[in-house]
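Down below is the structure, laid out as structure tokens.
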Amino acid sequence: MSAPTWTNPETIALHAGWRADPSTGSVAVPIHQTTSFQFQDTGHAARLFGLAELGNIYSRIMNPTVDVLEKRVTAMEGGVAGLALGSGQAATSFAVMNLCEAGDNIVSSTDLYGGTWNLFANTLKSLGIEVRFVDPADPENFVKATDDRTRCWYAETLPNPKLNVFPIAEVAALGRKIGVPLIMDNTAAPVLCKPLQHGAAIVMHSTTKWIGGHGTSIGGVVVDGGNFDWEAHADRFPTLNKPDASYHGAVWTQAVKPLGPIAYIIRMRVILLRDLGAPMAPMNAFLTLQGLETLPLRMERHCANALRVAAHLAQHPAVEKVIHPSLMTGEPKRRADAMLKAGYGSLMGIELKGGKDAGQKFIEALKMFYHVANIGDARSLAIHPATTTHSQLSEGEQASSGVTPGYIRLSIGIEHIDDIIADLDQALAAATGTGLRAAAE
Ligand code: PLP
1 MSAPTWTNPE
11 TIALHAGWRA
21 DPSTGSVAVP
31 IHQTTSFQFQ
41 DTGHAARLFG
51 LAELGNIYSR
61 IMNPTVDVLE
71 KRVTAMEGGV
81 AGLALGSGQA
91 ATSFAVMNLC
101 EAGDNIVSST
111 DLYGGTWNLF
121 ANTLKSLGIE
131 VRFVDPADPE
141 NFVKATDDRT
151 RCWYAETLPN
161 PKLNVFPIAE
171 VAALGRKIGV
181 PLIMDNTAAP
191 VLCKPLQHGA
201 AIVMHSTTKW
211 IGGHGTSIGG
221 VVVDGGNFDW
231 EAHADRFPTL
241 NKPDASYHGA
251 VWTQAVKPLG
261 PIAYIIRMRV
271 ILLRDLGAPM
281 APMNAFLTLQ
291 GLETLPLRME
301 RHCANALRVA
311 AHLAQHPAVE
321 KVIHPSLMTG
331 EPKRRADAML
341 KAGYGSLMGI
351 ELKGGKDAGQ
361 KFIEALKMFY
371 HVANIGDARS
381 LAIHPATTTH
391 SQLSEGEQAS
401 SGVTPGYIRL
411 SIGIEHIDDI
421 IADLDQALAA
431 ATGTGLRAAA
441 E
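Position one of the sequence shown corresponds to residue 1 (UniProt numbering), numbered consecutively onward.
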């Protein structure tokens, strides 16, 4: 009996990719804490190695617990196949390196997580892969920076600190006209946005954040949309269209055709994962699955709480400005409404009237919010970027990345809204001497 195809995220999160274990009846996904798998016979082993049949060989390449997570995130994003990795950083690295060789380039939005920025500006550069950064305010900037050696475009759906939603549909459509795939980091908007539906070719997540949701496990997943014709632009994608000397001359767009449009993700697994390592551990896949099962429910509460907090702080006398898509106007609001169908997310920026000094005091006065360099936990989190994540940048660089001296990044959790607002209010009072509780609710 084939598994039903669900489209609702609440059901996908609980059921996609797994039905009770055929040998034990286990309903929860078992943790297959094993390095290797016994072959049925020599023919079976040869078929697995020759990719005539997909199956378990060795846990660096695939593992049954990790496989369920891959299938479930893939179903959630509406893709054809996925690959889980040891971190979100590994997922970004693999997503780009799967298409690039030394001498190639990619075009990326400037609005990026700092770790991705470093990877692109320094590490990929040292490997001979140039990253051309463009302002996403004008989608045409991507086309202008593209040449024959451009292998992909890269952006985040909901990048912090500015929280300007990326124009996925516009940029993806421009890329498809000239045969360039768009890779989206959808870490901050799972469930809220499905980049593949808007024309992106590949989606990645740091599962460390909302998908895992409980701050227990670092991880990443890349999902292949199966919606990009790599063969039609064969010259642009040599890694998928030229014989691969490290795999008996396999041409990936041809070799796995009978298995579906999965050339991109298969090549990532059998070449990059084989050669560079960085698999997700089975235990982390299990813990991430526990998070994923309640993700749609948590996203609802994350978003509802964030909306209330944004409205409350927007009227607070100690707050200069609140940065949240719900409060934006003009083109940024139009983009947020077009891309985020189920809520504006739970990241928020606030600028305090007292600048850096007030920002530091506010963080120190928080009693329930955790002061951590993380986002997307079920608990509410806060950080003062000017003195932490962005402290290596000059004030000018901080300003251009959207970080002012009094900027605080909040990741609103799923606690009771009254407790979230009470903690923010008492910390604002302690930091700025403004005790007034605005009458937002
Ligand atoms: N992408 C985004 C948007 C992130 O916020 C992060 C981490 O903060 C990453 C990627 C990297 O993920 P990881 O920390 O799991 O390597």
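Beta carbons: idealized from backbone N, C-alpha and C, even for Gly. Keep in mind that this is a model prediction, so the values were computed, not measured.
DSSP places Gly82 in the strand class (E or B) of the three-state scheme.
Within the DSSP bridge table, the entry for Leu347 names Ser411 as partners. For Ile61, no alpha helix (DSSP H) encloses it, and the DSSP letter there is neither H nor E.
The continuous alpha helix (DSSP H) containing Tyr264 extends over residues 263-267. The alpha-carbon separation between Pro258 and Ile265 amounts to approximately 14 angstroms.
Here the stretch 338-356 lies against the stretch 161-173, with 3 or more beta-carbon pairs under 8 angstroms apart.
In the structure shown, the three-state DSSP call for Lys71 is helix.
Here Ser59 is buried, its C-beta having at least 16 other C-beta atoms within 10 Å. Secondary structure at Leu297: helix, using DSSP grouped into helix, strand and coil. When secondary structure is reduced to three states using DSSP, Leu327 falls in the helix class. Bounds of any beta strand (DSSP E) do not take in Ile178; it lies within the alpha helix (DSSP H) bounded by 168-178. Relative to ligand 1, the nearest heavy atom lies less than 6 angstroms away from the CB of Ser87. Judged by the Cβ position, Tyr113 qualifies as a neighbour of ligand 1 at the 6 angstroms threshold, a heavy atom of the ligand being closer than this. Contact between the stretch 239-249 and the stretch 115-122 is not established, with fewer than three Cβ pairs separated by less than 8 angstroms.
When only Cα atoms are considered, Pro317 and Leu428 end up about 10 angstroms apart. Measuring C-alpha to C-alpha distances from Val66 to each of Ala278, Ala250, Glu170, Ala188 identifies Ala278 as the nearest. Within 10 angstroms of the beta-carbon of Ala20 lie fewer than 16 other beta-carbons, which makes it exposed.
Ala91 places its beta carbon less than 7 angstroms from that of Val222. Placement of the Cβ of Ile218 at a distance of less than 6 angstroms from at least one heavy atom of ligand 1 is found.
Shown here, Cys303 sits in a helix according to DSSP, grouped into three states. Between Pro161 and Arg409, the gap from beta carbon to beta carbon is short of 7 angstroms. Taking 6 angstroms as the cut-off, one finds at least one heavy atom of ligand 1 near enough to the beta carbon of Thr208. In this structure, the beta-carbon distance from Trp153 to Val131 does not fall below 7 angstroms. Counting only unbroken stretches of 4 or more residues, no alpha helix (DSSP H) element lies wholly within the stretch 178-235.
Under the Cβ criterion (8 angstroms, minimum of three pairs), the stretch 222-236 counts as touching the stretch 191-204. Remark: C-beta atoms of Val134 and Ala145 approach each other more closely than 7 angstroms. Shown here, His416 sits in coil according to DSSP, grouped into three states, outside any helix or strand.
Contact between Gly402 and Gly213 does not hold, since the beta-carbon distance rounds to 25 angstroms and is not under 8 angstroms. Across the structure, Phe49 and Asn63 are spaced so that their CA atoms are roughly 15 angstroms apart. Under the three-state reduction of DSSP, Asn118 is assigned to helix. For Lys71, the closest alpha carbon among the candidates Ser108, Leu14, His32, Ala52 is that of Leu14. The DSSP-derived three-state label of Asn105 is strand.
Secondary structure of Trp252 (DSSP, three-state): helix. If you draw a straight line from the Cα of Gln38 to the Cα of Val80, it is about 27 angstroms long.
The DSSP-derived three-state label of Pro279 is strand. For Ala145, DSSP assigns no beta-bridge partner whatsoever.
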